[in-house]
Each structure stands twice: as structure tokens, then as C-alpha cells.
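S.K.: Mind having a look at this structure? Questions to follow.
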Amino acid sequence: MLLDLDLEDGMRVLEIGSGSGWNAGLLAHRLGSASVATIEVDKALADTARDRLRSLGLRPRVIATDGANGYAVDGPYDRVVATCSVVRVPLAWIRQTVAGGRIVAPWATGWTRYGTVTLHVRPDGSASGRFRAGGAFMPMRAHRSKVEDVDDVLGDDEPQASATNVSPWWVASGDDSEADFAIGLRLPDVWHHWEQTPEDAPGVRTRLWVGDENGSSWATVDYDGCRLDEFVVRQSGPRRLWDEVEGAWSWWTLHGSPLPERFGLTVNTDGSHRVWLDEENEGWTI
């Protein structure tokens, strides 16, 4: 990620997520302490990081505040780097970056935390760039899921039952990060959770739960421990989430199972986000 920043002497950098202070220390060593500001939402961590850095003779500005707002006092910056994953790039980061500057951030969706995006800020205040593989960080606090348990999405509606030939492991195994990444881009507000031998489902060895962030819809896909060519599906709510997941997976395979490097992101001046494959003039809003 530091290489992705493409640093040059004299540049000013804002880091989101001080943590232990390690990354800020590397930046201060490279550019000089006066050129680096680092934000940490946890005051205790910020204080500890500041003490560690000072013990090494490094004095970047360490601010205990919410990184989603950036830090305009020392801006504008030539580079912004986040050491926490984001589900959207805050407009504050873009507005506090000079035209031609870069923003490097780990990416997250409800489906997976995977991928890193490098955005180039344009003179009109928008930003655009491509993803690459790698990067799995704790989500920025304001970007964490509001659903804490699958019980949060269960309603009183009777679910509709069906069957599928699409294996749940094809779309949510964790072993195929590229598929997970693409499904997350197609369905950024949809999450999944695995459950082994659910108590309320005799004969089910493994269950995949799928839900949306607003808690209105859910689906399950059950494996009975025997058949790998057909799975029982239940869906409830206004959305048919498993159908959407199947559609996202089919879209990915029909486009040649593209790797993250073929995907890009554009953040418009109004804060809207658009993801695209290969060409920026195509894509979809997330």
C-alpha cells in the first residue's frame, strides 16, 4: 500500500487508522514528521502510538478523532492512505486531497473484506481508479455492519422453499477471494454467515445464511451432508436474496471470472459510487 502511494519528497500524507503507529512511523521516516498526519478513533491507541513514535524521535501529528471526516487542518494532502477497510470512500478524503493526488484504501462489502482501491483525484473533485487483489483490514468504525446476529433479520413471514444447483461454496467459501470480491461489488449490502449443524434443522449438516443490511430479507441454503449437486433453499422478505446471489455469480462467470484488477471505482462529486469492469463509461451504482 505504501508503494501504491508513489511517494515523492515534499509530499503531505494523511493516514486514517494510526493503530500502533507503525505505518505512520514509516511515513514520517520517509517524508519527515511535519509532512504526516495520522488519525485514530480510539484515544487510548492514539496516545500510545504518539508515545511510541516520540520514543523514536518521530513526531507526526496524531489526532484522536473519527477518520471518516479526515483532518482538514493540515490539508490539503498529496496522498491519503487508510489502514481500515471502507465500504465507501468518504467525500472528506477526496476534498482534502489535491487534484492529481492519490487515495489508497482497503475495500469491504457486506459479503467480504478483500481488495485495495487506488483512486486518483481529478480537478473537478471526483476520483477514479482501479482495484487490486489483497488487503483485508478491520472495517472503519462507521462502516461496520449493523446486523449482529442472523436472528436480527428473522421475521414472521413463511419462507418460500426451492432448490438450487449452485453450490453455496462456489459463492461464499472464502477460498475463492476473487468470486467473493465480485459478488460483493454486485451486491454490496448483502452479507453471509455459515452455520454448522443448526439445532432447529435436523438433517442439515451445513447452512449458509444470506441477509441484507436493512434486515428486511434473508435466505438459507442447506447441505444435508450427502448431495453436492442440489441444495434446499428458503427465502423470505421482499428480496429474493439467493436469486440475487446466483445472478451475481452467473454474471461473474459469464464475464470470464474477472480478477479484481479488471474492476474500477469512480466516486462522483456528490459522493455517489460507481463500480465498473474494464471501461469507466460502463458500470453500476452502489
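When you line the sequence shown up against the working numbering, it's residues -14 to 271, in that order.
Think of the CB as a built atom: it goes at the ideal place given N, C-alpha and C, for glycine as much as any other residue.
Roughly how many whole angstroms lie between the Cα atoms of ALA148 and TRP194?
M.R.: 15 angstroms
S.K.: Am I right that ALA127 and ALA53 are in contact with their C-beta atoms under 8 angstroms? What's the rounded C-beta distance?
M.R.: ALA127 to ALA53, Cβ: 5 angstroms. Contact.
S.K.: Can you tell me whether CYS69 is buried or exposed? The criterion is at least 16 other CB atoms within 10 Å of its CB, across all chains shown.
M.R.: buried
S.K.: Would the stretch 109 to 121 count as touching the stretch 184 to 192 if we require 3 or more Cβ pairs under 8 angstroms?
M.R.: no
S.K.: Counting only runs that start and end within the stretch 52 to 83, where is the alpha helix (DSSP H) found for 4 or more residues in a row?
M.R.: 76 to 80
S.K.: Using DSSP with H/G/I as helix, E/B as strand and the rest coil, what is TRP237?
M.R.: helix
S.K.: In angstroms, rounded to a whole number, what distance separates the CA positions of HIS14 and ARG80?
M.R.: Distance between the alpha carbons of HIS14 and ARG80: 26 angstroms.
S.K.: Which residues mark the beginning and the end of the beta strand (DSSP E) in which ASP109 is found?
M.R.: Where ASP109 is concerned, there is no enclosing beta strand (DSSP E), given that its DSSP letter is neither H nor E.
S.K.: Whose C-beta lies closer than 6 angstroms to the C-beta of VAL65 among residues of the same chain, with five residues either side of it excluded?
M.R.: LEU(-1), TRP78, THR82, ILE88
S.K.: I believe ALA90 touches VAL71 by the beta-carbon criterion, under 8 angstroms. Please report the beta-carbon distance rounded to the nearest angstrom.
M.R.: 5 angstroms
S.K.: In its own chain, which residues sit with a C-beta less than 6 angstroms from the C-beta of PRO124, not counting the 5 before and 5 after it?
M.R.: SER70, ALA93
S.K.: Whole angstroms is fine: what's the gap from THR157's alpha carbon to GLU143's?
M.R.: For clarity, residue 157 is Ala in the given sequence; the question names Thr instead. Rounded to whole angstroms, the separation of the alpha carbons of GLU143 and ALA157 is 25 angstroms.
S.K.: Just confirm the distance between the C-beta atoms of ARG190 and THR205, as a whole number of angstroms; I'd bet it's less than 8 angstroms.
M.R.: That pair is no contact at about 13 angstroms.
S.K.: Can you give me the start and stop residues for the beta strand (DSSP E) that GLY166 sits inside?
M.R.: Here the sequence assigns Phe to residue 166, which means Gly is not the residue at that position. No beta strand (DSSP E) holds PHE166; the alpha helix (DSSP H) holding it covers 162 to 171.
S.K.: What residue range is occupied by the uninterrupted beta strand (DSSP E) comprising LEU262?
M.R.: 258 to 262
S.K.: Indicate whether ALA49 and ALA34 have their beta-carbon atoms separated by less than 7 angstroms.
M.R.: no
S.K.: Using DSSP bridges, identify the partner residues of GLU25.
M.R.: ALA49
S.K.: Express the C-alpha separation of VAL230 and GLU180 in angstroms, rounding to a whole number.
M.R.: One C-alpha to the other measures close to 18 angstroms.
S.K.: Is the stretch 206 to 213 close to the stretch 244 to 254, with three or more CB pairs under 8 angstroms?
M.R.: no
S.K.: Within 10 angstroms of its Cβ, does GLY(-5) collect 16 or more other Cβ (buried), or is it exposed?
M.R.: exposed
S.K.: Just reading off the beta strand (DSSP E) that ALA186 is part of, what are its end residues?
M.R.: Careful: ALA186 lies outside any beta strand (DSSP E) and carries neither H nor E.
S.K.: Tell me the DSSP secondary structure of ALA19 in three-state form.
M.R.: helix
S.K.: So what does PHE116 bridge to, in DSSP terms?
M.R.: DSSP, once it has assigned bridges, lists VAL102 as partnering PHE116.
S.K.: Over the uninterrupted alpha helix (DSSP H) stretch that includes ALA127, give me the two end residues.
M.R.: From DSSP, ALA127 is part of no alpha helix (DSSP H); its letter is neither H nor E.
S.K.: Give the single residue among PHE216, ASN199, LEU226 whose Cα lies nearest to the Cα of ILE168.
M.R.: Closest option to ILE168, judged by alpha-carbon separation, among PHE216, ASN199, LEU226: LEU226.
S.K.: Under the three-state reduction of DSSP, which class applies to VAL217: helix, strand or coil?
M.R.: strand
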